[in-house]
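Peer 1: Okay, here's the structure, questions in a sec.
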């Protein structure tokens, strides 16, 4: 099996960061302040809800254990595929694409809703959490050679470090710094564009705006299915 081309790796980093920002905004806006992309954000929103500044306490309480369970199940899938000598890139991406489609359909069925604690809204939100748990595990295990595509704090920190190195280096842009910039900066920009796109998508299409995210992930999965990578150790 041949390794993916550098262009496919770059497209994956940018595309998945775009999806990360996009889905996070769509889920937050439509599902009463639920972060589907990063579970720990819901701990903050849980505190906000408990202080009387939000709703959906039950969903936010459930989001962390559901995220952990989905992440664990995804990792088990990856381990089993590796044990059988199978690559996991396409499987992880296509699984996430399918779950994003289910997330979209459940959100379409659940909305409009009066509050976040309605069962249909809770189900839609937790399926969205599962979909993004798949991406988080994939980013850490399968696509670990790429910059993170779901949480940008580490990437932004690296950008700050790179800027200082760039401004203070007597040798200019050396190869190590160039490699870090190429790896880290594009996903941050893509995440920001995705977040803006998610806002526009909600305005134009409501819950149906989740469809482009599923399509992007499915296309990437299809590309990996045609050019699979060697199984990582």
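Numbering (my numbering), first residue to last: 41 to 273.
All C-beta atoms in this analysis are idealised placements derived from N, C-alpha and C, irrespective of residue type, glycine included.
Since I believe residue 131 is in contact with residue 117 (beta carbons under 8 angstroms), could you give me their beta-carbon distance rounded to a whole number of angstroms?
Peer 2: 7 angstroms
Peer 1: Among 247, 222, 238, 243, which one has its Cα closest to the Cα of residue 46?
Peer 2: The candidate whose alpha carbon is nearest that of residue 46 is 222.
Peer 1: Below 8 angstroms on the Cβ atoms is my contact criterion, and I expect residue 177 with residue 111 to pass it. Report the Cβ-Cβ distance as a whole number of Å.
Peer 2: 5 angstroms
Peer 1: Could you tell me the alpha carbon to alpha carbon distance between residue 105 and residue 208, rounded to whole angstroms?
Peer 2: 45 angstroms
Peer 1: Is residue 255 helix, strand or coil when you go by DSSP?
Peer 2: helix
Peer 1: For the pair the segment 183 to 196 and the segment 149 to 162, tell me if three or more CB-CB distances fall below 8 angstroms.
Peer 2: no
Peer 1: Short of 6 angstroms in beta carbon distance, which residues of its chain neighbour residue 150, apart from the five on each side in sequence? Order them along the chain.
Peer 2: 160, 161, 164
Peer 1: Cα-Cα, which of 262, 147, 74, 71 is closest to residue 248?
Peer 2: 147
Peer 1: Considering only the beta carbon of each residue, do residue 250 and residue 143 sit closer than 8 angstroms?
Peer 2: Yes, Cβ-Cβ distance for residue 250 and residue 143 is below 8 angstroms.
Peer 1: Closer than 6 angstroms by C-beta to residue 226: which residues in its own chain qualify, once you throw out the five before and the five after it? Chain order, please.
Peer 2: Once the five neighbours on either side are set aside, the close Cβ partners of residue 226 are 54.
Peer 1: So, using beta-carbon positions, are residue 166 and residue 103 closer together than 8 angstroms?
Peer 2: yes
Peer 1: According to DSSP, is residue 143 helix, strand or coil?
Peer 2: helix
Peer 1: Thinking C-alpha only, which one of 229, 126, 265 is nearest residue 62?
Peer 2: 229
Peer 1: Determine the direct distance from the alpha carbon of residue 170 to that of residue 41, and round the result to whole angstroms.
Peer 2: At residue 41 the pLDDT is 43, less than 50, meaning the model places this residue with poor confidence and gives no usable figure here.
Peer 1: When we look at the beta-carbon of residue 78 and count the other beta-carbons within 10 Å, is it buried (16 or more) or exposed?
Peer 2: buried
Peer 1: Given that a residue counts as buried once 16 or more other Cβ atoms are within 10 Å of its Cβ, and exposed if not, what is residue 214?
Peer 2: exposed
Peer 1: Using 8 angstroms for Cβ pairs, my map puts residue 264 next to residue 133. What's the rounded Cβ distance?
Peer 2: 6 angstroms
Peer 1: For residue 49 versus residue 186, is the C-beta distance shorter than 8 angstroms?
Peer 2: yes
Peer 1: Taking just the CA atoms, how far does residue 128 sit from residue 257?
Peer 2: 14 angstroms
Peer 1: Specify the secondary structure class of residue 208 as computed by DSSP and reduced to three states.
Peer 2: helix
Peer 1: Starting from residue 218, trace the alpha helix (DSSP H) in both directions and tell me its first and last residue.
Peer 2: 215 to 245
Peer 1: Let's test the definition: count the other Cβ atoms within 10 Å of the Cβ of residue 211 and tell me whether it reaches 16, buried, or not, exposed.
Peer 2: exposed
Peer 1: Relative to the C-alpha of residue 60, which residue among 180, 200, 232 is closest?
Peer 2: 232
Peer 1: Is the beta carbon of residue 107 closer than 8 angstroms to that of residue 173?
Peer 2: yes
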